Structure formats: C-alpha cells, structure tokens
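Numbering (UniProt numbering), first residue to last: 1 to 40.
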Amino acid sequence: MAAFCGVGYRFEFKPRVNVRLDYAWAKLASGFYFQVGEAF
Numbered sequence: 001m002a003a004f005c006g007v008g009y010r011f012e013f014k015p016r017v018n019v020r021l022d023y024a025w026a027k028l029a030s031g032f033y034f035q036v037g038e039a040f
C-alpha cells in the first residue's frame, strides 16, 4: 500500500498566464513540480 501527501499553489501570473507549484512526498520519495500555462 502506498501512502503519500502533497500541497499545491496556483495563481495567475499575468492575464492568461497561470503558474502552478506542487510539492508531494511519500515514504521513499518526494518531488517538486513547477508548471506555467498560457491560454490564447
């Protein structure tokens, strides 16, 4: 069985540009994710 937890933060950087920050951790691993998305 896997157990994990994570937190995330999302905000609009400027009009139509979104930024997403996530951090997740588990017993044997952890990870940080950064994503930028643009809507046309």
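Glycine included, every Cβ here is placed at the ideal spot set by N, Cα and C.
Here the structure is a predicted model, which is why all the values come from computation and not from measurement.
Would the beta-carbon of residue 44 fall within 7 Å of that of G37? Nothing can be reported for residue 44: it is not among the residues displayed for the chain, which extend from 1 to 40.
Just checking my contact of A26 with A3 at CB under 8 Å: how many whole Å lie between their CB atoms? 7 Å
Let's see if you can read the secondary structure: which residues bound the beta strand (DSSP E) around R20? 17-26
R10 versus F34 - alpha carbon distance: 10 Å
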